[in-house]
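Peer 1: Provided herewith is a single structure, encoded as structure tokens, for subsequent inquiry.
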Amino acid sequence: MPLLQALVRCSITALFLSLCLQLVTGQDDDYDNRKPLIVQMSPIQRAKADEVSEIRCNVSTQLRECMPIKFYILTSTKADCSPFNEYEACICPGDNPRNFYWNIRCKSSINVACVADATEDANVCDPYISVKVLNDRRSYKIREFVVIS
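When the letters of the sequence shown are read in order and numbered with mature numbering (1 follows the signal peptide of the UniProt record, and there is no 0), they come out as residues -26 to -1, 1 to 123.
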């Protein structure tokens, strides 16, 4: 009987320790596959020279915490963009992708990139608790803006 009691105690202790260690060191199986930032860009309509066109980009996350971001566009050459060409936002899980819009006017065809950077400004996500991203702090999508004659 004492042998059986010792075996049960050891089994329970081993089970308890393995559960505790799993909680401390274990992560989701898909944790490494989650993307902190996912940037999408709508197709850009062709435009005539000096004609204003709208660019729409959106950003979302697969993380389980909110994350402060800075969102902006870059162009391959100088372009005439709307004055507020940089945004700050809080991206949270389960939310719909956040849309951002810019008006752009060019004389010739250029490449346009929508860029999302994870920031460490916790005030952007107030009152939510935000996460600091260690990997993949930047995500972008590039499309060509074609100007026709």
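Quick reminder that beta carbons are idealized off the backbone N, C-alpha and C, glycines included.
Which residue or residues does DSSP assign as beta-bridge partners of residue 104?
Peer 2: For residue 104, which the question treats as bridged, DSSP gives the partners 40.
Peer 1: Ends of the beta strand (DSSP E) at residue 115?
Peer 2: Its beta strand (DSSP E) spans residues 112 to 119.
Peer 1: Tell me which residues share the same chain as residue 96 and place their Cβ nearer than 6 Å to its Cβ, disregarding the 5 neighbours each side in the sequence.
Peer 2: Answer for residue 96: 104, listed in chain order.
Peer 1: Would you tell me roughly how many angstroms separate the C-alpha atoms of residue 27 and residue 91, rounded to the nearest one?
Peer 2: C-alpha separation (whole angstroms): 24 Å.
Peer 1: So, helix, strand or coil for residue 133, using DSSP?
Peer 2: Look at the range of the chain in this structure, -26 to 123, and you will see that residue 133 is not part of it.
Peer 1: Taking 9 Å as the threshold (C-beta atoms), are residue 32 and residue 47 in contact?
Peer 2: For residue 47 and residue 32, no; Cβs fall outside 9 Å.
Peer 1: Any beta carbon from chain C within less than 9 Å of residue 31's own beta carbon?
Peer 2: Here there is only one protein chain, and chain C is not present.
Peer 1: Taking residue 124 as the reference, give the member of -15, 118, 8 with the closest Cα.
Peer 2: With the chain covering -26 to 123 only, the question about residue 124 has no answer from this structure.
Peer 1: So what's residue 98 in DSSP terms, helix, strand or just coil?
Peer 2: Three-state result, residue 98: helix.
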